[in-house]
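Chains as they are written, first to last, in this note's numbering: chain W, 242 to 456; chain Z, 18 to 930.
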Amino acid sequence: MQQPKYKSASNQDVVDLEERTWLAAHIRGDQHAFAKLMQAYRKPVYSLLVRYGLDSSARDDLFQEAFLKIHKSAHTYQASKPLSPWIFTIVINTIRNAQRKQQPLAIAIDETEEIEDRQPTPEKSAQLDETLNWLEHAVIQLPQAQAEAFTLSIVKGMKIKEVGEILGLPINTIKTQLRRARQTLLAAFQAKKGSQSMTSEQSRTSARNNGVPHE
Amino acid sequence: MNKCDDIRTKLMELDFSTAISESNIEQHLSECESCSGFYQDLVALQDKVEEMPEYDVSEEVFTQTLAAVQASQTTNSNIKSATRISQQWATGLAASFVLVAVAGLLYNGSLSEFQGDFSQVELESKQDVSVKNKETVWIDPQPADEGVTVEFIDISEVRQEVLAQQPVMSRSAPAKPNPSINGTLSQIQEQEMDLGYSAGSRSEQAAPPVEMPEILEEAEIESSVQDAEPVSAIYSDEQDSLVEVDRIAVTGSRIKRTDLDDTSAIESLDQEKKAKKENHPVTTKESPQMSLDDLLKHVQRSATESSNENLERESYFRSYGKKSTKQKPKPAAPPEDGLVANMPARESSVESNDTTGRYRREANKDSELLAERKVVADDSTEDRRKGQQMGGKGRLNSIDLNQVAQQYLAQMSSTENLSFKQATGYWANTYVPGDSNMRWLQAKLQQTGELNLPEVRSNLQPFDVPNNSALAFYLNSDQKSVTEGPTRMRLQVGIQAGAHQGGHRSALKLAVVLDVQGSSVQTEVKSLLSALLKNKQVSDQITVFVTGNAGGQIIKADDFKHGPIQVALANLSQTSKKPHVSLKRNMSAAYSWLQDHDDPNAVLGSSAVWLISANTSSAQLAAIEPMVQQQATDGITFSSLAIGDHPERMKLERLALMGQGHSRVMVNDQDAQRVISEELLTSSKAVARALRLQIKLAEGVKLIDVLGSYSLDEVQAQQVRAAEQSLDQRMAKNWGITADRGQDEDGIQMVIPSYFAGDTHVILLDVLVSKPGPIAEVNAKYKDLIHLRNARSSMNLEIQSGQHEPGPLELNVMKNVLTYRFTLALRQAGNDLRSGDHQAAINQLNSILKIYQAMRQKFPAWKDDSELMLDERAIKQYLQLLNNQSSIDPSQYQLIVDSMSLMSWQRLLSHGP
C-alpha cells in the first residue's frame, strides 16, 4: 500500500491548469476525463482517508462515495478556481457526514493494529522508525481539528488559505491548529530522537514515559 | 515569555520550506545553541513530513468507483438533461418561431426580400469555397467592449479586391484573349521571368505597368472554382493568394533571381525517377531495422549534448543504404556511405568557374549573403588548388558526380520499407534558442586561434519578414508536382519573425540565487553582480540569496548597492556558525520573496529567479525541478547561468526550459556584461509567445518523420499544455489578450513558448503522398506582442499532378534537407573522431563532400550557391585538418570535434537571445 515517495512524485507539485478542464469535459460526455481526474486524485484522497484514521473498509467506501459525489456535483465546479480545494471540500464533507451518521466508523485506529503497536518489539520499533510509521501514528493521534488542518496542508501543496476554505475556518484558526500540530509532532520527534540512543528496552520505557503516540 | 520562547513560537509559525528572513531570529539562532537545535529539529521534522509515504487505493476499488461513475454518467441524465431542453420542446419552439417570423414577413409584405437574401447567401458561400487558402487575423475585442462583435478579416478576400485595383500587379496582357487560368498563370510566370528577374530588378524594366485586362481579373478570382486541375498553391501571412511569382515579386523574397533563370535549365526529374527505379532496389532492400524514431530522438538529444559524451550515432541518411553499425573501418576501407561506395577514387575538379554571377538581393540579409558570396568566389580558386589534398581521393569526373547525384535523389525518394508515425499529438519543439552548451563551445572555439577551424554561421532562409504581424509562415515542399501512386516528399514549415522588438523591458523583480560554495569563482560572481548593478533600472528590485553555511538572503532588495554587495561578497569567504541553507530552501525563499512582491499586472517575465551556479550537483538540480516548473506556470520564470565549464550544463538547460527562461554560460569574468545585457533584454526581444503550430496532413498522406523532432509522451505533453495555458492566462491578465488555449487539436502539435525578433526557423517533415491534391494544412496561432492580440495564420499546400521541374522554392526545401544531412554527417564524423576512429570521420566527410559536389553539378541553380559552397569549404577544411594529423596536437582533436558539433547545430537553426 505504501508508496516510496510522497512529495517527490514527478507532477505532484505542478499546478496543472489542465485539470480544471476535466470536469467540463466529463459533463460533455468525455469518458476519459473523469478517469484522468480519478487517476490524479486517487492517492491524495486515499492518503487523506488513511490519515483520518479510518479502517480499510470505511476508507474504500468513502473513497467511492466521494468520487460519486464529485461526479454528481461536477456541474457546480467553476473552472476559474483551482480544482483541488473543491475536491477536498467534497471529500472532507463526505467524511464528516459519514462520521455523523455512523459513529462507530470514526474509529481512531484499526483496533488490531493499535493492539499490535502498543507493545512493539525492538525490531518492530526499528522498522517503524525506518518506515516513518511513527509519524503516521503521531498524525493520526492528533486532535481531529489539528489533524485535518495538518493533513490538508501537506496534500498537493495546499496553501493555508485554501485549507481554511475547505474546512470553513478563518486563516488564523488554521495557523493556530497547524502550530499546535507541529508542537505535538515535534515533541514526538524529539522523543523518538532521544530514544534512539538508548537500548531497545530503555527505548520502550523512555518513549512510553514521554508519550510517544504509538507506544 | 523569555526571548527563547518568543523565538520558538515564531519559528513554529514559519513556513518550513523557506529560509529565515527575519534578522533577529537569524541572529538569535546563531547565538543560542538551544534554539538553533530546536530549529534544526523543526527542519528535520519537516523533511520527515515531506518524506511521508502516499497511500493508494486498491485497483479493485478504483475500478469499481470508475465503473460506477461511468454507469451513472450513461444511465443517469442528471448531468446532461439538467442543461438541455427536451427534443419535443425544442422542436415546438423552433416551429413557433418560424410561424411567427413568416407571419410577420407576410404582414409586412417583405417575404420576397427575405428570399432574395437566401440567394445571396448561396453566392457568397460559393466564393468562400473558391478561396482555398485563407489567412485570417483574429482581432480580440477590447475588454471594455464586450458587446462588440468580434471581427474576422479574411485577408485573402481583401487582397483580391486590392489586387483587382492595383495596376502594378498586372504584368502584361495575356497572350490569348480568353485564357484558362492555368495558362494565364504560366504566362505570367514566364513573362515575369523573362522580363524581371533574369536581367535585373523589376524597376529596371522601365516598362510602364500595363492594366490588367478584366478577363484576367475574372479568371483569377474564379480560378479555384473553375479549375479542374489544382494549381500548386502555397500561402502564408505575407504571401499573395494568386500566383507564386506575384508573391516573389511583391514581397521581395530573398530567392535569387538567378534561381529563377536557372529553373529552365534544371534537368528534368524524369532522369532521377528513372534512376530511382534502377537504383533503389539495391539500396532499399537492405533497408535497416534501425528505428528512425530512435535515431532522431538521439539526434535531438545530441544537439545539446556535452561534447565529452561519447555516443554512437547512426546517420539518418545512411540508414537508407544499409544498416549502420559501429565498426571501426580499416584505414584503407572504402567510404561507408552507400552512395559513394562504388565511386572510383578520383580527384575532384568540379568547381564552378562562374564566379561572376549576379546576385540581386533585397534587404539586409541579402547583403550578408553577398559578402559571403564574395568570400567564396575569392576562395574558390584556392579550393580548387587544394582539392587534391582533400581526402586524397575526392576528385570525381562529371559522370561520376552525376551518378552520385542520381543515387542521392533515388535514396531521398525511396518508398520501400518505410515505417510511418502517427501524425498526431505533441512533438518536441525544435526552436530552442540560447543553447548554453553551444554557447560554451562557441566561446571555447573563439579563444583558440591555433587551428584553422571553419567559420560557424547560421543558414539563411528565403523568407520575407512580416509587415503586418509578428510572424510570417511559409509552407513548401520539395516537389512541385506528383504523379499517381506513392511519392515521397519533404514538407517545410518556415517561420520568420519581424525585425521589430517587443519594446523596452519592464521593471524587473529578480531573485538571484548564488550556488558557488566550494568553488573559486569570486571574481566572476563579483563581475556579475557589478554588471547587474550597472544595468539595474530605478524601478528594479533585486535580491541575492546564497547557499551554504553563511547562506540565506545576503542582500535585500533595498540594499542592492555597491557597498552592501562588496560586504556580502567578502562575508561569503568567511566561516560562519549560521545554519547551512540548501539550494532547495534558498529557491523556496526566493520564490516566496517574489510572490510577496509580485505585481499581478506586471508583464510576463518581470518576476524571475536566476540561479548562478558553479558546481551544483545533479541531485540538487533535480530536487528543485518540480518547484521551478510550478512557479513557471504561476508566472515566475527561471533562468540559469553556469559559470565556466560547469559539469551539469545539460541539467541547467533542462531546468531553464522547465522554468520558461534561458540557460546561459559565462566563460570568465569579462563575459559578465554580455550575459547580463542579453538576459535583461530577453523579455523585450520576444515578438510572439505561446506559438502553437498545428500541422494536419491530408488524407492519404503518411508521416514518415518530423526531422529533428520526436513525439512527446503523455507526461511531457502535459507539461507543454500546462506551460501553454499558463502563458495564455498570464497574458490575458497582463495585456488583455483573450485566453484562447486549453484544447488539443488534430494533427501534429508543436508549442513554442517564445519567438524572438528577427529569428528564422524551419521544420522539415518527411511524408509519403499517395496522389496529387491537398497535402497539408498548417494552422498557427500565437500571442502577437507587437500588436498585442491573438493572431492566427493558415496555410494549405496542394500539389498538382504531372511532372514539373522544381522551382526555387522547391530547391530551397531540397537544400535544407541536404543541409540537414550535412549536419548529421558532421555530427557523426565528430563522434567517430571522438571515439578515435579517424578514418571513419574522414570517410563521412568525403561522402558528404561528394554529394555536395554532385548536387551542385546537378542543379545549375546551386552551382554558385554561396551557402553550399561555404559548406563544401568547411568540409574541405576539416578534411585538411584531419589529413594533416601529424601537425595537430592530439589534444586539439577535441576542438575539431567541438567545432563540428557547433557547426552541425548552427547550420539549420537560427538563434535568439
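Here a beta-carbon is modelled for each residue, glycine too, at the ideal position from N, C-alpha and C.
- With a contact defined as Cβ atoms closer than 8 angstroms, residue 434 (chain Z) and residue 871 (chain Z) miss out at about 24 angstroms.
- Distances from the alpha-carbon of residue 425 (chain Z) to those of Z:654, Z:899, Z:869 and Z:116 put Z:869 closest.
- Here residue 113 (chain Z) is exposed: its Cβ has fewer than 16 other Cβ atoms, across all protein chains shown, within 10 Å.
- In the pairwise beta carbon analysis, the region 786-805 of chain Z is classified as touching the region 702-716 of chain Z: at least three pairs are separated by under 8 angstroms.
- Within chain Z, the residues whose beta carbon sits less than 8 angstroms from that of residue 301 (chain W) are 74, 75 and 78, listed in sequence order.
- Put simply, the backbone Cα of residue 845 (chain Z) is about 58 angstroms away from that of residue 30 (chain Z).
- Going by C-alpha positions, residue 487 (chain Z) is about 8 angstroms away from residue 517 (chain Z).
- Annotation: the continuous alpha helix (DSSP H) that includes residue 286 (chain W) extends over 272-292.
- If you draw a 10 Å sphere on the C-beta of residue 579 (chain Z), you find fewer than 16 other C-beta atoms in it, and that means exposed.
- From the beta-carbon of residue 395 (chain W), the residues of chain Z found nearer than 9 angstroms are 66, 67 and 69.
- Residue 477 (chain Z) is not a Cβ neighbour of residue 889 (chain Z), given a cutoff of 9 angstroms.
- Put simply, the region 536-551 of chain Z touches the region 582-591 of chain Z. At least three CB pairs are less than 8 angstroms apart.
- Around the C-beta of residue 879 (chain Z), 16 or more other C-beta atoms lie within 10 Å, and the residue is accordingly described as buried.
- Contact between residue 912 (chain Z) and residue 876 (chain Z) is absent: CB atoms are separated by about 34 angstroms, not below the 8 angstroms threshold.
- Taking 9 angstroms as the cut-off, the beta carbon of residue 782 (chain Z) is found closer than this to the beta carbon of residue 507 (chain Z).
- Residues of the region 303-315 of chain W with a Cβ closer than 8 angstroms to any Cβ of chain Z, in chain order: 304, 305, 308, 309, 312, 313 and 315.
- In the three-state scheme derived from DSSP, where H, G and I count as helix and E and B as strand, residue 796 (chain Z) is classed as strand.
- Annotation: the continuous alpha helix (DSSP H) that includes residue 331 (chain W) extends over 324-342.
- Less than 9 angstroms divides the Cβ of residue 535 (chain Z) from the Cβ of residue 632 (chain Z).
- Note that the region 284-297 of chain W touches the region 318-333 of chain W; at least 3 beta-carbon pairs, one per stretch, sit closer than 8 angstroms.
- Here residue 63 (chain Z) is not near residue 596 (chain Z), since their CB atoms are 9 angstroms or more apart.
- Between residue 819 (chain Z) and residue 500 (chain Z), the gap from beta carbon to beta carbon is short of 9 angstroms.
- Cβ-Cβ separation between residue 850 (chain Z) and residue 892 (chain Z): approximately 14 angstroms, too far for a contact (criterion under 8 angstroms).
- In terms of CA proximity to residue 489 (chain Z), Z:512 leads the group Z:87, Z:799, Z:812 and Z:512.
- Chain-order list of chain Z residues neighbouring residue 284 (chain W): 71, 72, 73 and 74, by C-beta distance under 9 angstroms.
- Listed in chain order, the non-local C-beta contacts of residue 581 (chain Z) below 7 angstroms within the same chain comprise 572, local neighbours out to five positions each way being set aside.
- Within the region 394-421 of chain W, the residues whose Cβ lies closer than 7 angstroms to any Cβ of chain Z are, in chain order, 395, 416 and 420.
- Under the three-state reduction of DSSP, residue 433 (chain W) is assigned to helix.
- Per DSSP, residue 683 (chain Z) is one residue of the beta strand (DSSP E) stretching across 680-683.
- Residue-level contact by beta carbon holds for residue 287 (chain W) and chain Z, with a gap shorter than 9 angstroms.
- With the criterion set as a beta carbon lying under 7 angstroms from some beta carbon of chain W, the members of the region 748-774 of chain Z are 759, in sequence order.
- Looking at Z:630, Z:817, Z:67 and Z:916, the one whose alpha-carbon comes closest to that of residue 494 (chain Z) is Z:817.
- Contact note: residue 89 (chain Z) reaches chain W through 309, 312 and 313, using a C-beta cutoff of 8 angstroms and chain order.
- Of Z:724, Z:647, Z:679 and Z:722, the smallest CA-CA separation from residue 702 (chain Z) is found for Z:679.
- Only those residues of the region 666-681 of chain Z whose C-beta falls short of 9 angstroms from the nearest C-beta of chain W would be listed, and there are none.
- With fewer than 16 other Cβ atoms from the protein chains shown falling within 10 Å of its own Cβ, residue 273 (chain W) counts as exposed.
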